[in-house]
Structures are given as structure tokens and as C-alpha cells.
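FYI, the numbering for the sequence shown is 1 to 392, going by my numbering. Idealized CB from N, CA, C, for every residue including glycine. These figures come from a predicted structure and were not determined experimentally.
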Amino acid sequence: MSELRKFIVVGLSATCLLSLWILSNTTSLVSQLQTQQAQDNVDILYQPFPEGRNICTIDGLNKGRWVHQDIGLESHSIDGINSFAGYHCNWDFPHRCYRRTEPHTEFNRNYNWQPSECTLLPFEPRKLSKHLSQNPLLLVGDSITQLMYESMWCLTGQDLTAQGKDTGLSGGDKEMWVSQLVHRDLANEEDAVTVGFIRSDYLVKLDDFSLVKPNEGQGYQIGVGSNFPWVHAISRFKYIMINTGPHWHPDLKWGPNKDRKELLKAYKKGMTQVMNYLKKNLRADQKVWVRSSPYGHAKCSQYTAPSTIPVKPTGKKGEYEWDMLEKFDIVWKNMIDKEKDERFMFFNVSMANLRGDAHSQPDHDCLHTCLPGPVDDWNKFLFHEISKLVIQ
1 MSELRKFIVV
11 GLSATCLLSL
21 WILSNTTSLV
31 SQLQTQQAQD
41 NVDILYQPFP
51 EGRNICTIDG
61 LNKGRWVHQD
71 IGLESHSIDG
81 INSFAGYHCN
91 WDFPHRCYRR
101 TEPHTEFNRN
111 YNWQPSECTL
121 LPFEPRKLSK
131 HLSQNPLLLV
141 GDSITQLMYE
151 SMWCLTGQDL
161 TAQGKDTGLS
171 GGDKEMWVSQ
181 LVHRDLANEE
191 DAVTVGFIRS
201 DYLVKLDDFS
211 LVKPNEGQGY
221 QIGVGSNFPW
231 VHAISRFKYI
241 MINTGPHWHP
251 DLKWGPNKDR
261 KELLKAYKKG
271 MTQVMNYLKK
281 NLRADQKVWV
291 RSSPYGHAKC
301 SQYTAPSTIP
311 VKPTGKKGEY
321 EWDMLEKFDI
331 VWKNMIDKEK
341 DERFMFFNVS
351 MANLRGDAHS
361 QPDHDCLHTC
371 LPGPVDDWNK
381 FLFHEISKLV
391 IQ
């Protein structure tokens, strides 16, 4: 009997030890799985803020200077500039200046913006591409915004490619065209869009300041351009950047005097409509940046390097109401400050006002700038701002 008790005690002890071992290893395995799952759920843009560094705000970013980058003689070719700028784009577009045949002028434009009072998070284009594949970006505006889209394509072209399928981004409007990029990982998905651009020079119909809807026409326009519908598409995007300004001019549509006072009043009315619509229709997790409008520089061939102090337009003939662009910026900045709505932020790129030397066709086009050029820095600023949202 004592032998039987001894056998039972030993058996029970062994069973208990085995159970404890299984439980311990199961707990460890669960812990490992939870840790791995947590790591998998961390956004690719997440990084600890650099210790002891003052991380730039969007206004702080604009305090600094343009620093010339010596690209080296071996880079004086299209492929060399692509490599130096981190570009992955092999097609032509109007403001890709270094495809011209004047290397003595075109290959000396390479300046990077360096903030003087804060730290800019290092630009990581492949991580940005991956993040945007899960959190898409929509750019809406005129040809300056299109330039930002083209810059984004060049910078992220290692992973983003043209989306050739009809993804429905036009809302069924048969007259409009859209530009769209898709991450190569999503290229087989029918309606996938990673970065989209919709050309809308005014954001509203100038006839009545209503938001343009698909298939109802672009309405009255001042000069040449496109004013396509865009608000139908916003629900598909996590991030939205909008801008309008350079196409707004004095017109009898605003009043009998055809002056700047009437123009500013009309602009305020139109942008109030946009703000009210977005406030009502945006989700809590969406983010809208309203980009500022850098002005042009009259007779821009006179500039051979960045200025240290902005040379502001004066309103003279040939400056296309560029003097109004800062006033338009203030309209948006005041609305955003007043609302105190975390979904809206003013995206200040006024550092570009120092780049009279960067315009793409001196004395013929003194508003648009070359690529590579200041607009690349705008996209790097956007990476910085998106990264801050992820980290915070």
C-alpha cells in the first residue's frame, strides 16, 4: 500500500510539473505572439522623437535658409541628377528643367532648405510610399499642385506607379481627367489609389460658389484651366491637401469696379463655402492641409541664387495679382485658427518665396518652379507632418 501511495504521489508531482511547464511555455508563446502582433501594428513611419531636439512645426520649418548642394561633375547628366535628387521618374513634363541642354545654367539649381531653429525629420520616401498605400493622399488644386504631385511621383517612384485602371475617382464625370498613383503591392487591386491629383483651379464654381459636382460642368472660369469636381472623392482618402489662388483675378463677376477689394471679398465667400462643406463631411480620422500660395517674381531671369529676404510683388502690370496671394493665405489661416478643428492645418511653404532663381522659364513663366526644386521640399515637409501625426 505504501508503494502504491508513493507511486501516486510521484505521478501527481510529475503531472503538476508537466502542467506548470506547459503553462509557462504557453504564456511565453502568447506573450511572444502579442509582442509580434504589436510590432506588426506599429506604423512604418513610427520613430522616437530625437532626444533633446526641437521638432519643427510647420511655421518653424519656414525659418531657415537655402543651402547650395554641390552635385559633382559626374552628376551633370539626366541620370546623374535623378540619382542625386533621389528621383525615380523617366518621363517628360513641362517643369523638369534639367532635361534641357543648357547644363551651365540648369545644373546649378540644387539647393536644399535647412531650418535654422528646429529639427526636420529625415525624409524616407519608401516608408512614405508604404504608409500612403494604407492611408491614401489626395492633392487638389491648380498646376502648382500638379507640380507637387509630379514631384511626389519622382520621389516615390521606386514604389509608386501610374494607376491605369478606372478607379472611379472621377465620380463618373466623362469630361474630367484624374492623375493617380498606386503602390506596386496594390497594383492588381481594381480601385486602389495611393496618391491622387484632381485639377480644380478654384475649388468652387465661380457662378455661385457651390462645390462642383460630377457631370454638371466646370462653370465660369477666368482664363484657361480646369475646374473639375473633387469633393465626391474625399471619403476615399485619409489625407487631403488643397490650394487655390493664382487663377483668381479681378473680374466683373465680383463687382462693377473689377478691383482687388471685390476680388478678396469673392475669394473669402468661396473659401467659406469650402470650409463649411469640409467641416460637415470629413470624418474624424481625416486630415486636411490648406497649402499656402508662393508668389512669382517679375523678370525672374535677374535671379541667379536664392534671396535672403523675400522680394514681394508690388501689384504692377505683369505680376498677375501675385500680391494678392498672401492675402488669400491669410483668409485660410484665419478660418483655420478660428475653428480650432484638429482636422485642418495650414501648410506654410513661404520659404519658396525666396526662390526667384528657381522658376522654370525665366521671363516667360516666373511662377512655376523647376524640378528638382523647392516643391520637393514641400513633399519632404509633408512627410515630416504625417510622421508627427503617427508618432503623436
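Beta-carbon gap between residue i and residue j smaller than 8 Å
i: Trp177; j: Met241; result: no
i: Val193; j: Pro122; result: no
i: Cys55; j: Lys380; result: It should be pointed out that residue 55 corresponds to Ile in this sequence rather than to Cys. Not a contact, by the Cβ cut-off of 8 Å.
i: Val224; j: Gln218; result: no
i: Ile386; j: Tyr239; result: yes
i: Asn62; j: Asn257; result: no
i: Tyr202; j: Gly270; result: yes
i: Arg184; j: Thr119; result: no
i: Lys338; j: Phe346; result: no
i: Val331; j: Lys268; result: yes
i: Ile234; j: Leu138; result: yes
i: Asp159; j: Ser129; result: yes
i: Gln273; j: Val204; result: yes
Residues of its chain near residue i, where Cβ-Cβ distance is below 6 Å and the 5 sequence neighbours each way are ignored
i: Asn215; result: Asp173
i: Val140; result: Ile198, Ser200, Trp230 and Ile242
i: Asp377; result: Trp113
i: Lys312; result: none
i: Gln32; result: Because the pLDDT at Gln32 is just 49, under 50, the model does not fix this residue reliably, and the point stays unresolved.
Between the CA atoms of residue j and residue i - distance to the nearest angstrom
i: Trp322; j: Arg109; result: 23 Å
i: Ser360; j: Thr369; result: 5 Å
i: Leu263; j: Gln221; result: 14 Å
i: Leu169; j: Thr161; result: 16 Å
i: Leu29; j: Gln47; result: At Leu29 the pLDDT is 49, less than 50, meaning the model places this residue with poor confidence and gives no usable figure here.
i: Thr304; j: Gly157; result: 30 Å
i: Trp153; j: Ser200; result: 19 Å
i: Gly245; j: Ile198; result: 16 Å
i: Thr145; j: Leu325; result: 15 Å
i: Phe209; j: Lys316; result: 28 Å
i: His249; j: Arg260; result: 8 Å
i: Asp251; j: Ile391; result: 46 Å
i: His384; j: Asp43; result: 14 Å
i: Gln286; j: Lys340; result: 15 Å
i: Arg96; j: Glu190; result: 31 Å
i: Gln37; j: Gly164; result: A caution first: Gln37 carries a pLDDT of 40, below 50, which makes its placement in the model too unreliable to give a value.
i: Tyr87; j: Leu155; result: 5 Å
i: Pro125; j: Gly60; result: 22 Å
i: Pro372; j: Ile81; result: 8 Å
i: Lys127; j: Leu45; result: 6 Å
i: Leu382; j: Leu181; result: 17 Å
i: Gly72; j: Cys89; result: 21 Å
i: Asp70; j: Asp207; result: 50 Å
i: Thr167; j: Arg236; result: 11 Å
i: Asn281; j: Arg343; result: 11 Å
i: Thr308; j: Thr314; result: 18 Å
i: Leu186; j: Asn227; result: 29 Å
i: Pro94; j: Asn188; result: 30 Å
i: His68; j: Ala85; result: 13 Å
i: Arg283; j: Asp142; result: 25 Å
i: Asp393; j: Asp92; result: Because residue 393 is not part of the residues shown, which for the chain are 1 to 392, the question remains open.
i: Met275; j: Gly296; result: 26 Å
i: Glu51; j: Gly255; result: 55 Å
Cut-off 7 Å between Cβ atoms - residues of its own chain near residue i, not counting five sequence neighbours on either side
i: Pro306; result: Trp66, Tyr111, Leu354, Arg355 and Asp357
i: Val375; result: Leu147, Met148, Ser151 and Thr369
i: Leu394; result: Lying outside 1 to 392, the shown extent of the chain, residue 394 is not represented and no answer is given.
i: Gln34; result: Per-residue confidence for Gln34 stands at a pLDDT of 42, beneath the threshold of 50, marking its modelled position as unreliable; no derived number is given.
i: Cys300; result: Gly356, His359, Pro362, Asp363 and Cys366
i: Leu278; result: Val288
i: Ser293; result: Asn243, Gly245, Pro246, Leu325, Phe328 and Asp329
i: Gly171; result: Pro214, Pro229, His232 and Ala233
i: Lys253; result: Leu206 and Tyr220
Unbroken alpha helix (DSSP H) run spanning residue i, endpoints
i: Lys333; result: Leu325 to Glu339
i: Met275; result: Arg260 to Asn281
i: Asp185; result: It is not in any alpha helix (DSSP H) - Asp185 carries neither H nor E in the DSSP assignment.
i: Pro374; result: Pro374 to Ile391
Where the beta strand (DSSP E) through residue i begins and ends
i: Ile309; result: Where Ile309 is concerned, there is no enclosing beta strand (DSSP E), given that its DSSP letter is neither H nor E.
i: Leu367; result: Asp365 to Thr369
i: Ser83; result: Here Ser83 belongs to no beta strand (DSSP E); instead the alpha helix (DSSP H) covers Ile78 to Ala85.
i: Ser360; result: His359 to Gln361
i: Gly196; result: Val195 to Arg199
i: Met241; result: Tyr239 to Ile242
i: Gln114; result: Tyr111 to Pro115
i: Gly477; result: Since the first residue shown for the chain is 1 and the last is 392, residue 477 is missing from the structure and cannot be characterised.
i: Lys287; result: Lys287 to Arg291
i: Gly64; result: Gly64 to His68
i: Met345; result: Phe344 to Phe347
Cβ-based neighbour list, residue i, same chain, cut-off 8 Å, excluding 5 preceding and 5 following
i: Gly64; result: Trp113, Gln114, Pro115, Ser116, Glu117 and Met351
i: Gly318; result: Ala298
Near the ligand ADP: residue i beta-carbon under 7 Å from a heavy atom
i: Ile330; result: Among the components of this structure there are no ligands whatsoever, and the ligand ADP is therefore not found.
Item to complete: Write down every uninterrupted run of the beta strand (DSSP E) in the segment 118 to 177 whose length is 3 residues or greater and which is fully enclosed by it, in chain order.
Response: 137 to 141 and 160 to 162
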